[in-house]
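Asker:
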Amino acid sequence: MIVILFLLLIWAFSSLLFYTMKLGISPMPTSSKVKRRLLALSPKLHKVKIIECGCGWGTLLFALAKKYPDCLIQGYELSTICYLFLKIRLLFYPYPNLRISRKDFFKVSFQDASLIVCYLYPKAMQRLAKKKMREGAYLLTHTFHLPGYKPIIEQQMKDVYSTSLFLYRF
Ligand SMILES: C[S@@+](CC[C@H](N)C(=O)[O-])C[C@H]1O[C@@H](n2cnc3c(N)ncnc32)[C@H](O)[C@@H]1O
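For the sequence shown, this note's numbering begins at -9 and goes up steadily by one.
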C-alpha cells in the first residue's frame, strides 16, 4: 500500500514537472487578494460564454462560476494533475454552468466568448494577442499585459509584487 502511494506521489510530481516544462508555466494560483480585485473589475455580463485559459487548480474558474450563474464558464487546462483535481473539485462543488476541458486553449476558437480570463506568462500573452477575438469581447488578466493592445482599465495592487491588473476590450 505504502509503495503504491509512493509511486503515485512520484507520478504526480513528475507529471506536474513535465507540464510545467512543456507549457512554460507552473500551475501557480492567483492569490485571493488579486482574485477579489479581478472579480471586482470583471464586467457585468449575462447569458454569454466566458473562457478561462489555463485554469490551474480552479482558483479563478470556480469564482467565475459563482459570480456568473447564468453564463457558461469554460475552463481549459492541459496539466493532467490539475485537470484531475479540477474534475474532483467539480464533484464536490457541482456548478451546473461550469465546463472543464483538457485542451490546449491555443487550439480552440474564442469567437463565441464574451470574456476571456487568464493568468499566463509573457510568451503566452504574445500568442494570445494574435488570436481572433469576438468584437466587443473583454480580456481580463493580471501580472502580464497583452502586447499591442491598450487596456481600458489598468490597476496596480499594493501587494508584495505590485501586481498589475488589466481589462481589455476588442
Ligand atoms: C499560472 S497558472 C494560472 C492558474 C489559474 N488560472 C489561476 O489564476 O489560479 C497557468 C496555468 O495555465 C496552464 N496552461 C498553460 N498553457 C496552456 C495551454 N496552452 N492550454 C491549456 N492550459 C495551459 C498551466 O498548466 C497552468 O496550470
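Note that beta-carbon positions come from the ideal geometry of N, C-alpha and C, so glycine has one too.
#1: At which residues does the alpha helix (DSSP H) containing K77 begin and terminate?
#2: Out of curiosity, what's the CA-to-CA distance linking K25 and I(-8)?
#3: Got a sec, what are the start and stop residues for the alpha helix (DSSP H) R26 sits in?
#4: Which residues mark the beginning and the end of the alpha helix (DSSP H) in which K57 is found?
#5: Within this structure, are the beta carbons of S154 and T133 separated by less than 8 Å?
#6: Which stretch, first to last residue, makes up the alpha helix (DSSP H) that contains R117?
#7: Evaluate the contact criterion for the segment 49 to 63 versus the segment 92 to 101: three or more CB pairs, one atom per stretch, below 8 Å.
#8: How should M11 be labelled, buried or exposed, when 16 other C-beta atoms within 10 angstroms of its C-beta is the threshold for buried?
#9: Looking at the structure shown, is L136 part of a helix, part of a strand, or coil, going by DSSP?
#10: Compare the Cα-Cα distances from P19 to each of I(-6), K39, G46 and report the closest residue.
#11: Just the C-alpha distance for I71 and L29, rounded to the nearest angstrom, thanks.
#12: Give me the Cα-Cα distance between G14 and K121, rounded to the nearest whole angstrom.
#13: Tell me whether S99 sits in a helix, a strand or coil according to DSSP, three-state version.
#14: So, using beta-carbon positions, are D60 and K34 closer together than 8 Å?
#15: For the beta strand (DSSP E) that contains F156, what are its first and last residues?
#16: So which of V150, A127, I90, N87 has the shortest CA-CA distance to V141?
#17: Specify the secondary structure class of Y66 as computed by DSSP and reduced to three states.
Answerer: Here's the rundown:
#1: 70 to 82
#2: 38 Å
#3: 22 to 31
#4: 49 to 57
#5: yes
#6: Segment 112 to 118, the alpha helix (DSSP H) holding R117.
#7: Short answer: they don't touch.
#8: exposed
#9: coil
#10: Among I(-6), K39, G46, the Cα nearest to that of P19 is on G46.
#11: 26 Å
#12: Rounded to the nearest angstrom, the gap between the Cα atoms of G14 and K121 is 19 Å.
#13: coil
#14: no
#15: Counting along the chain, F156 sits inside the beta strand (DSSP E) bounded by residues 154 to 159.
#16: Sequence inspection shows Pro at residue 141; the Val mentioned does not correspond to that position. Of the listed residues, the one whose Cα sits closest to P141 is A127.
#17: Assigned with DSSP and collapsed to three states, Y66 falls in strand.
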